Amino acid sequence: MFKNHGRVQATYVIVLIATTFISASLSAQNPRSPVAPRRELVESVIKEAYEKYKTETKGKNADYIPYLAQVDSKLFGIAIVTTDNQVLTLGDVKYSFSIQSISKVFTLALAMQELGAEKVFEKVGSEPTGRAFNSPIAVVDMPSHTGNPFVNAGAIATTSLISGNDATEKWNKILSYYGRVAGEKLTLIDDVYKSEAATNTGNKALSMLLAKYDRIYADPFESVDIYTKQCSVGVNAEQLARMGATLANNGINPATGEQVIKPENIPHILSTMAVAGLYDGSGGWAWHVGLPAKSGVGGGIVAVAPGKGAIVVFAPPLDDAGNSVKAQEVIEFVTQKLHYNLYSPSSVGWK
Ligand code: GLN
76 MFKNHGRVQA TYVIVLIATT FISASLSAQN PRSPVAPRRE LVESVIKEAY EKYKTETKGK
136 NADYIPYLAQ VDSKLFGIAI VTTDNQVLTL GDVKYSFSIQ SISKVFTLAL AMQELGAEKV
196 FEKVGSEPTG RAFNSPIAVV DMPSHTGNPF VNAGAIATTS LISGNDATEK WNKILSYYGR
256 VAGEKLTLID DVYKSEAATN TGNKALSMLL AKYDRIYADP FESVDIYTKQ CSVGVNAEQL
316 ARMGATLANN GINPATGEQV IKPENIPHIL STMAVAGLYD GSGGWAWHVG LPAKSGVGGG
376 IVAVAPGKGA IVVFAPPLDD AGNSVKAQEV IEFVTQKLHY NLYSPSSVGW K
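Residue numbers (our numbering): 76 to 426.
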């Protein structure tokens, strides 16, 4: 009797030690997210997507920034980084393209780090405009004038909130912040900057309109210049996917472990991406994909699956709203296969 009881106790202790060990080693591999996706599954889904869409030719490179018209429109890369820092890539994932409007997400994050979310909300807002990303009509018509941080006017206003003694200090702060979100140093693509700076009369006009309504918070042209630089930062698909994974990972960069974005700001950033990340294509995107995302006219789109990871597709040809055609198709395909759509209960395992 006693002997048996002792055996039961010993077995219990062994089981307890084993369970503790297994859960400790699991949490060491995956300390933050219990739901990061399984590698083999994701790998086969992105291969399937790559094969299915690689010959797609719809859309047209942006040409209002002369540099972008010259980029090889056949470039195509897919990168996924999960919250437990698994990296899966396929195609042209080392090609450095200009981040363009995707930068707006990270300047918003920095502005909120500095000022707090409510101040930024008050100064910029988060209402979809239903108009093109560079629309001056939206600035005139919207009650907030700024609209949201992801249309050009709202983004220039957001950039103008970043503190610094002069333009150089503000710009260096933005660039080094992006690097911390990516987990590695990023640099400006000088030719993109020059090309855009020589042609950005529309953005200068937006900054003047904002000044008229008292909705820009530093010198208007200085703010446009810093904004133009932030749009000209070079990223490859893998770097951008890690920036997205930092959002998915509650603000902690999954590679460096640094808390770069305050956790309380993540829902504000992702909800703004959900309502305005693809401009006047955001409603259709939500309908088909159901993930917060941000596009840029350089041809990149980053989509974030909270708690799981981020998917980036880079392919330069755009639709009329300025969103990469192939990136939208591939992300929709992958999202469906992996059950990432946030509005579907199957995204949290509902059967
Ligand atoms: N730099 C670009 C502009 O200001 C960004 C636009 C975009 O990516 N949609 O027009």
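All residues carry an ideal CB built from backbone N, CA and C; glycine is no exception.
Predicted model, so just to flag it, every value in this text is computed and none were measured.
Find the nearest neighbour of residue i within the set the options, judged by alpha-carbon distance.
i: D294; options: H343, T233, A137 and G258; result: T233
i: K260; options: V267, A368 and S251; result: S251
i: K369; options: V377, W362 and H363; result: V377
i: K198; options: K401, G365 and A186; result: A186
i: V372; options: V215, Q161 and V226; result: V226
i: F408; options: V423, K426, G424 and V387; result: V387
i: Y128; options: R114, A144 and G152; result: G152
i: V379; options: G365, F389 and A390; result: G365
i: I264; options: V308, P381, A312 and P224; result: V308
i: G222; options: G239, P203 and L165; result: P203
i: S399; options: L353, L417 and P329; result: L353
i: T130; options: D241, G239, E404 and E297; result: E404
i: Q314; options: L236, G191, S171 and I249; result: S171
i: E123; options: T164, L143 and S357; result: T164
i: L116; options: V146, Q161 and P141; result: Q161
i: C306; options: D289, A213 and V267; result: V267
i: A390; options: G384, G374 and K383; result: G374
i: V214; options: Q145, I291 and S119; result: I291
i: K337; options: V256, E118, N278 and K401; result: V256
i: Y229; options: Y125, G191 and L284; result: A small fix is needed here, since residue 229 is Gly in this sequence, not Tyr. Answer by Cα proximity: L284.
i: I140; options: T303, A402 and N325; result: T303
i: G332; options: K248, K287 and A320; result: A320
i: P112; options: L143, G384 and L150; result: G384
i: G382; options: A402, H363, V335 and N324; result: N324
i: S235; options: I212, A286 and P218; result: A286
Is the closest heavy atom of the ligand SAH to the C-beta of residue i under 8 Å?
i: E123; result: Summarising the ligand content, the structure contains the ligand GLN and does not contain the ligand SAH.
Around the ligand GLN, Cβ to any heavy atom closer than 6 Å, ordered along the chain: Q175, S176, F208, N209, N227, E271, N278, C306, G371, V372 and G397
Could you tell me whether the region 161-176 touches the region 407-416, using the rule of 3 or more Cβ pairs below 8 Å? no
Which runs of the alpha helix (DSSP H) spanning at least 4 residues fall entirely within the region 250-314, listed in chain order? 265-272, 276-287 and 295-306
For the region 376-395 and the region 135-154, state whether three or more C-beta atom pairs, one from each stretch, are separated by less than 8 Å. yes
Complete runs of the alpha helix (DSSP H) confined to the region 329-409 [at least 4 residues]: 341-351 and 357-363
Touching or not, the region 417-424 and the region 190-206, by the rule of three or more beta carbon pairs under 8 Å? no
Taking 8 Å as the cut-off, does the region 263-272 touch the region 325-345 (at least 3 CB pairs, one atom from each stretch)? no
Touch check for the region 202-216 and the region 151-166: three-plus C-beta pairs under 8 Å? no
Entirely within the region 154-238 and at least 3 residues each: give me those beta strand (DSSP E) ranges in chain order. 162-166
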